[in-house]
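Residues in the sequence shown are numbered from 1018 upward in steps of one, following the working numbering. Don't be surprised by glycine CBs; every beta carbon is placed ideally from N, CA and C. Here's the structure, in structure tokens; my notes come after.
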Amino acid sequence: MQRATRITTIMLSALLLTGSLIGCRTRSFLSTKQEIELGQQGMQQVEQQYRVETATPDAERVREIGDRLLKYIHKRPIPYSFHVIDSNQINAFSLPGGPVFVCRGLMDMIGNDNDALACVIGHELGHINARHVARTISSDILNSTLIAVLFPNPNAQAGASIVNDVLGLHYSRQEEYEADWRGLSYAHAAGYNPEGMVRFFSKLERLSKLQGSAGPAWLQDHPLTKDRIARAEWIIEHHDYRYGNQ
Ligand SMILES: [Zn+2]
1018 MQRATRITTI
1028 MLSALLLTGS
1038 LIGCRTRSFL
1048 STKQEIELGQ
1058 QGMQQVEQQY
1068 RVETATPDAE
1078 RVREIGDRLL
1088 KYIHKRPIPY
1098 SFHVIDSNQI
1108 NAFSLPGGPV
1118 FVCRGLMDMI
1128 GNDNDALACV
1138 IGHELGHINA
1148 RHVARTISSD
1158 ILNSTLIAVL
1168 FPNPNAQAGA
1178 SIVNDVLGLH
1188 YSRQEEYEAD
1198 WRGLSYAHAA
1208 GYNPEGMVRF
1218 FSKLERLSKL
1228 QGSAGPAWLQ
1238 DHPLTKDRIA
1248 RAEWIIEHHD
1258 YRYGNQ
């Protein structure tokens, strides 16, 4: 693994150098094509780890809401897809390049509140559209597993846990605010009530009090600060849905 890391680091340095030589000024290190590749590999791993619901009413519902959001927002040229996975975690996550996953546990918690579900899916679309993983990887370039996915070595086992790595990257608080803002904007643009986000946050708060320190998985990936709730309320109050059509 160490050897692989050294080799990929050298390759990465060469690529960074190439990027700077050609005057690459994009804020994101990964190209869209690399993001898509990473997402597709991650998708395969999710399918190996979890049963992906395909024909259930909730799978259909998540696809419908996701597709409706996409109709009303600025889309990137990537293969978006929306899935329900058989995990009892109260969580949702996305991979770079398009795939969004909602866990069965979160579906059960949200019940029939489509506005809340649209905000949650919108939040994940926000991470994808703002290219948060691509940027996080840029600043975490020595993560050997992720690099090995980008520069595959047929003899290496690397790449086996991209999903865990992406989940383990942890977005910054600023990125979470942005994903919330995008989620609220997308939901509003598509005709859902953004108040669903606040209802979802309130449910999470109640649950975390009941469950103690660990709380729902969503909170470990997306810490719910008072500030985050206040910001969502401010956006709704001021009707500042700035990301809706961008
Ligand atoms: Zn998030």
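Cutoff 7 Å; reference residue 1275; Cβ partners in own chain excluding five residues on either side: Not covered by the structure: residue 1275. The range shown for the chain is 1018 to 1263.
Please state if the CB of residue 1245 and the CB of residue 1202 are separated by a distance shorter than 8 Å. Locating residue 1202 in the sequence shown gives position 185, counting from the first residue. Locating residue 1245 in the sequence shown gives position 228, counting from the first residue. Taking a C-beta distance under 8 Å as the contact criterion, residue 1202 and residue 1245 do not qualify as a contact pair.
Pull up the CB-CB distance for residue 1089 and residue 1207, whole angstroms please, since I reckon it's below 8 Å. Walking along the sequence shown from the start, residue 1089 turns up at place 72. Walking along the sequence shown from the start, residue 1207 turns up at place 190. The C-beta separation of residue 1089 from residue 1207 comes to about 4 Å, placing the pair in contact by the 8 Å criterion.
Using alpha carbons as the reference points, say which of 1105, 1087 and 1215 lies closest to residue 1126. In the sequence shown, residue 1126 corresponds to position 109, counting from 1. Residue 1105 holds the alpha-carbon nearest to the alpha-carbon of residue 1126 among 1105, 1087 and 1215.
Shorter than 7 Å, the distance from the beta carbon of residue 1193 to the closest heavy atom of ligand 1, or not? Numbered from its first residue, the sequence shown carries residue 1193 at position 176. The answer is yes for residue 1193.
Helix or strand or just coil, what does DSSP make of residue 1204? Within the sequence shown, residue 1204 is the residue found at index 187, counting from 1. In the structure shown, residue 1204 sits in a helix (DSSP, three-state: H, G or I).
Taking C-beta to C-beta, are residue 1091 and residue 1262 nearer than 8 Å? In the sequence shown, the residue the question calls residue 1091 occupies position 74. In the sequence shown, the residue the question calls residue 1262 occupies position 245. Yes. Within cutoff.
Grab the span of the beta strand (DSSP E) containing residue 1118 for me, first residue to last. The sequence position of residue 1118 within the sequence shown is 101, counting from 1. Segment 1116-1120, the beta strand (DSSP E) holding residue 1118.
For residue 1070, which residues from the same chain have a beta carbon less than 8 Å from its beta carbon, with the 5 sequence-adjacent residues on both sides left out? Along the sequence shown, one-based indexing puts residue 1070 at 53. Within the same chain, and ignoring the five residues on either side of residue 1070 in sequence, the residues whose Cβ sits closer than 8 Å to its Cβ are 1076, 1100, 1101, 1102, 1103 and 1121.
Close-in-space but distant-in-sequence residues of the same chain around residue 1199 (CB under 6 Å, 5 per side omitted): For this step, residue 1199 is matched to residue 182 along the sequence shown. These residues qualify, in order along the chain: 1143 and 1260.
Does DSSP put residue 1098 in a helix, in a strand, or in coil? For the purposes of this step, residue 1098 is taken as the residue at position 81 of the sequence shown. Three-state result, residue 1098: strand.
Would you list the residues sitting across from residue 1070 in a DSSP beta bridge? Counting from one through the sequence shown, the residue named residue 1070 turns up at place 53. Residue 1070 pairs with 1101.
For residue 1110, which beta-bridge partners are listed by DSSP? As a working note, residue 1110 is residue 93 in the sequence shown. Beta-bridge partners assigned by DSSP to residue 1110: 1118.
Does DSSP put residue 1227 in a helix, a strand or coil? Residue numbering aside, residue 1227 sits at position 210 when the sequence shown is read from its first letter. Three-state DSSP puts residue 1227 in a helix.
Suppose the cutoff is 8 Å on Cβ atoms and the five residues either side in sequence are ignored; what does the same chain contact list for residue 1131 look like? Position 114 of the sequence shown, counted from the first residue, corresponds to residue 1131. Answer for residue 1131: 1078, 1082, 1209 and 1213, listed in chain order.
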